[in-house]
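Just so you know, the protein sequences line up as chains L and D, in that order.
The first sequence begins at 2 in our numbering and counts up by one.
The second sequence begins at 340 in our numbering and counts up by one.
Yeah, the Cβ is synthetic: ideal placement off N, Cα and C, and Gly gets one too.
Everything numeric in this text was worked out from a predicted model, so none of it was measured.
Take a look at the structure set out below.
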Amino acid sequence: MAAANTISRAWNQFFFTGFSGESLGLLRMYIGCGLLFFHTYQFATVLSLNPIGAMHFFIAPIWYFKLLGIQYHVPALSFGMYAILMGATVSMILGKNTRTSILVIILCVFYLKGVRDSFAGDVHHREIIPMQILFLFLLSKCGEVHSRDARQRHIPAGVQEWEASWPIKTMQLYVALFYFWSVIAKVRTSGWVWFAGEGKIQEVLILRSVRWGVTDQGEFLKNGLSFELAQHPELIQIFSILVLAFELGFPLLLLIKSVKWRLAFILGVTTFHIASFVLMDVNFLLIPFVYLIFFDLVPIHQWLKTRAWPLFRRRLSMAG
Amino acid sequence: MNKRTITLILVAYLTVIWVAVIFRIDYFPLTWVPMYSGYKPSETISVKVFDKDKEQKGFKVTYQDGSTGYVSSKDLNIPKPHFRRLYNDLLPDSKLFETAPPKHQQGNIELGMINRWIRGLNKEESRSVVDREWGMFWTLNKTLGHEPSDPKFIIRIEADQQHRVYRKDDLLRQDVGNVQIDTRRALIEWREEWLPGWGHGSR
């Protein structure tokens, strides 16, 4: 009984406290802004196709395309879907018909990701975290604060703390688990050798440098720095241990109360993603925008509104 | 929704995402394996030699009427990176060809007793086997609008690709001069036994 009470208390403490309705509303707005760039970057290749060109028959349709019997790509439809996706994202940011907008975004992402992954049967994982976040926004009351819906419908009572906290805390938990699972997956599929100084990281560094070719003088056409780094397994070993530590330790971030420590951790993870993009071409470059979920955006928004924005406007008018 | 309902939703949500991890389910939006988890130590490193002309031409194909031609990414109206993947998947020694598309391949590694048992797989059996040959004829012909009765139905697809193969030890001594050029070729032909499945998109 005592154990059950402790678990219940810890559960309530974690999921139902910590954030205000205003935080949730602002998070919806800022994540929405990030999604505008993220989705454009993700689906740019589909938008590079000829809208009235051939309808490509998929070699390996994604599971839900198989289920629905979608066998080919209608290029013009993807352009339409992208336009709808952007429109729905703007609508989500403004909080206009918020729940419907989020649902439309989810459907568009399912379609566009399905198209992209069905061309050659590849599976991309970059959409997974944003999709989980969107799903949790969909279930939440994020449209009742900082939104046109709230103004137009005159929603009286504000969102309570527990109502605002559980979606944000679940998003945080999911992101932390995503990194934690990454270690489990590495050990399950490759064993601890993945983390060796002469393991996966070294292999990818070499591959990414030699694949662009070498001049007659032995100079690399691109990514020479990656090749240089690959020559130092002891240094790679340190990086591997850091990767292991931050992925395994990511759930601990949920227990850190200090904003400074949180920020330091998040900056570390962001640096890791930038470095792995530059050196190894691992394209999780834009994913750090989701780390906004680890912060209460109320003071940040206040600072942007009262300090940064007027300063920016003043500079702009001086320049003009 | 009250707190109790939300608690039930959260329990269900957490159960689903953990079940996906335990039972190796990699169906969007669930995953057990974020990218770059698979690694098998190897003594050599092999990279493709980029040939712009070859990439622009694409697959060399032979039609039913005996004429030949090329099918490019523009003809198929797919992005170049995806076209490259289709092209390379066809070549022998492609890691992808034997088992499954790139990231699916991870699903076949070290499946473990429980995951084999629930899928009814024996020790040697691969979890997902993709029939790339049939798929290539399907994709190319269907996209270009050719049916098996047409003279322009593609009956042979050819691809070749040069690879630079380095020994890892040489590279770690900064010796990039010791390289072996390896040409990989693929030639696949249409089989009449595939005809009955053509209408419904499977073998």
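In this structure, the beta-carbon distance from residue 298 of chain L to residue 24 of chain L falls below 8 Å. Closest option to residue 518 of chain D, judged by alpha-carbon separation, among L/217, L/194, L/161: L/217. Assigned with DSSP and collapsed to three states, residue 385 of chain D falls in strand. Along the segment 171 to 257 of chain L, the alpha helix (DSSP H) occurs as fully enclosed runs of 4 or more residues at 201 to 211, 225 to 231, 234 to 250, listed in sequence order. Beta-bridge pairing by DSSP links residue 518 of chain D to D/505.
Rounded to the nearest whole angstrom, the CA to CA distance from residue 247 of chain L to residue 75 of chain L is 42 Å. Residue 398 of chain D is bridged by DSSP to D/410. For residue 7 of chain L, no chain D residue has a Cβ inside 8 Å of its Cβ, as the nearest lies near 16 Å away. Cα atoms of residue 484 of chain D and residue 524 of chain D: separation of roughly 26 Å, rounded to the nearest angstrom. With 16 or more other Cβ atoms from the protein chains shown falling within 10 Å of its own Cβ, residue 190 of chain L counts as buried.
By the criterion of a C-beta distance shorter than 7 Å, residue 102 of chain L is surrounded in its chain by 89, 92, 93, once the five residues flanking it on both sides are discounted.
Among the residues of chain L, those whose CB is under 7 Å from the CB of residue 513 of chain D are 232, following chain order.
Every alpha helix (DSSP H) stretch that sits fully inside the segment 284 to 316 of chain L and reaches 4 residues is listed by chain position as 298 to 304. In the structure shown, residue 63 of chain L falls within a coil segment according to DSSP collapsed to helix, strand and coil. Contact check for residue 498 of chain D and residue 429 of chain D: beta-carbon distance about 5 Å, within the 8 Å limit, so the pair qualifies.
About 5 Å separates the beta carbon of residue 171 of chain L from that of residue 137 of chain L, a gap short enough to meet the 8 Å contact definition.
Residue 58 of chain L is a Cβ neighbour of residue 478 of chain D, given a cutoff of 8 Å. Using a Cβ distance threshold of 8 Å, residue 34 of chain L and residue 99 of chain L do not count as a contacting pair. The DSSP assignment places 22 to 48, 64 to 69 as complete runs of the alpha helix (DSSP H) inside the segment 10 to 75 of chain L, in order along the chain (cut-off: 4 residues).
In the DSSP assignment, residue 153 of chain L falls within the unbroken alpha helix (DSSP H) covering 149 to 154. Counting every other CB atom within 10 Å of its CB across the protein chains shown gives residue 532 of chain D a total below 16, marking it as exposed.
Distances from the CA of residue 132 of chain L to each of L/31, L/49, L/223, L/111 were compared; the closest alpha carbon is that of L/111. Taking the Cα positions, residue 507 of chain D is about 49 Å away from residue 85 of chain L. Chain order gives the chain D residues near residue 60 of chain L as 425, 428, 440, 469, 471, 474, 475, 477, 478, where near means a beta carbon separation below 9 Å. Look at residue 118 of chain L here: in three-state DSSP terms it is helix. Exclusion of the five residues before and after residue 202 of chain L leaves 237, 240, 241 as the residues of its chain whose Cβ lies within less than 7 Å of its Cβ.
Leaving aside the five residues that flank residue 285 of chain L on each side, the residues in its chain whose CB is nearer than 8 Å to its CB run, in chain order, 127, 274, 277, 278. Three or more beta-carbon pairs separated by less than 8 Å link the segment 14 to 28 of chain L to the segment 159 to 169 of chain L, which places the two stretches in contact.
Annotation for residue 491 of chain D: 402, 485 place their beta carbon closer than 6 Å to its own, counting only its chain and skipping 5 residues before and after. The residue among D/394, D/362, D/352 with its C-alpha nearest the C-alpha of residue 174 of chain L is D/352.
Straight-line measurement puts the Cα of residue 393 of chain D at about 14 Å from the Cα of residue 496 of chain D. Around residue 224 of chain L, no beta-carbon contact reaches into chain D at under 9 Å, the shortest distance being about 12 Å. With fewer than 16 neighbouring CB atoms inside 10 Å of its own CB, residue 389 of chain D falls in the exposed class. Taking the C-beta atoms as reference points, residue 184 of chain L is found no nearer than 8 Å to residue 113 of chain L. The beta carbons of residue 263 of chain L and residue 296 of chain L sit about 7 Å from each other, so the pair counts as a contact at 8 Å. When 7 Å is used as the limit between beta carbons, residue 51 of chain L is near these residues of chain D: 416, in chain order.
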